[in-house]
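Under our numbering, the sequence shown is numbered contiguously, ending at residue 206.
Glycine included, each C-beta is placed from N, C-alpha and C at the ideal position.
Computed from a prediction, not measured in an experiment: that's the story for all the values here.
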Amino acid sequence: MCGIFGYRGARDAAQIVFCGLRDLQYRGYDSWGIASIGRSGLEVQKNTGALPGQIKGFTKSHLSIGHTRWATHGGVSIKNSHPHISCDKRFVVVHNGIIENARQIKSQLQGAHVFASDTDTEVIVHYLEENVSKRSFMNAMKDLIAIIMGHSAFVVLDCKTQGLYAYRSGSPLVLGRREGEL
Ligand code: GLU
Numbered sequence: 025m026c027g028i029f030g031y032r033g034a035r036d037a038a039q040i041v042f043c044g045l046r047d048l049q050y051r052g053y054d055s056w057g058i059a060s061i062g063r064s065g066l067e068v069q070k071n072t073g074a075l076p077g078q079i080k081g082f083t084k085s086h087l088s089i090g091h092t093r094w095a096t097h098g099g100v101s102i103k104n105s106h107p108h109i110s111c112d113k114r115f116v117v118v119h120n121g122i123i124e125n126a127r128q129i130k131s132q133l134q135g136a137h138v139f140a141s142d143t144d145t146e147v148i149v150h151y152l153e154e155n156v157s158k159r160s161f162m163n164a165m166k167d168l169i170a171i172i173m174g175h176s177a178f179v180v181l182d183c184k185t186q187g188l189y190a191y192r193s194g195s196p197l198v199l200g201r202r203e204g205e206l
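Put into structure tokens, the structure is as follows:
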């Protein structure tokens, strides 16, 4: 069980995500992480342990995702903390749940992709990176959700298009929308 949160809109995205994670912290508190697209491009902070009282160091951003982790695959460490990032740094993911066939998917991607963690989650971003060059992003995403097994919810940030994509199957996810904000 983990807490995942994403925000796109006019307010300070990293701070909104941080507030969201504080509310979701009961769902996982062995590590945390936030990714945000700011002035210098992709900015990431992660650490083991509970969320700090405040976060500093993110530049103003309108697009951010975050995670509080309760580890299922891979120990409690900074490298296993979410978000996880594709090799080309285009895709960033936070994930709640288990990808039961992650090992098989990873074995097909290894060689072409360098895995930085021991998590099941990381296959999501490498799979998208591998397949987006052959198909459209949405088709790569459809293929991904057709092959992953188990209950999951995740949010993917596409740094290239500044898109935010959410998926759930068997795990809870709430979508909140209002004018100019998601
Ligand atoms: N399976 C992922 C991990 O271990 C997500 C954990 C969870 O949802 O509890 O990082």
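- Message: Between D167 and the ligand GLU, is there a pair consisting of the residue's CB and a ligand heavy atom that are separated by less than 8 Å?
- Response: no
- When every heavy atom of the ligand GLU is checked, does at least one fall within less than 8 Å of the C-beta of H137? no
- Proximity test, H97 beta-carbon vs the ligand GLU heavy atom, cut-off 8 Å: yes
- With hydrogens ignored, establish whether the beta-carbon of M173 is closer than 8 Å to any heavy atom of the ligand GLU. False, no ligand heavy atom lies under 8 Å from that Cβ.
- So, is the C-beta of S60 closer than 9 Å to a C-beta in chain B? No chain B is present in this structure, which holds just one protein chain.
- Using the DSSP secondary-structure output, state which residues sit across from I61 in a beta bridge. Its beta-bridge partners are L66.
- Task: Return the chain-ordered list of same chain residues with a C-beta closer than 6 Å to the C-beta of I28, the five sequence neighbours on each side being excluded.
- Result: H91, V118, N120 and V179
- Message: Taking the alpha-carbon of R207 as reference, which of A177, Q186 and E203 has the nearest alpha-carbon?
- Response: The question about residue 207 has no answer here: the residues shown for the chain are numbered 25 through 206.
- Query: Grouping DSSP H, G and I as helix and E and B as strand, with all else coil, what is I129?
  - Reply: helix
- Task: Measure the CB-CB distance between S101 and S55 and report whether it falls below 9 Å.
- Result: yes
- Query: When we look at the beta-carbon of Q134 and count the other beta-carbons within 10 Å, is it buried (16 or more) or exposed?
  - Reply: exposed
- Task: Within the same chain, show all residues whose beta-carbon is closer than 8 Å to that of F22, passing over the 5 residues directly before and after it, in chain order.
- Result: With the chain covering only 25 through 206, there is no way to say anything about residue 22.
- Message: Three or more C-beta pairs under 8 Å: does that hold for the segment 94–110 against the segment 130–146?
- Response: yes
- Task: May I ask you to report which of helix, strand or coil DSSP gives H150?
- Result: helix
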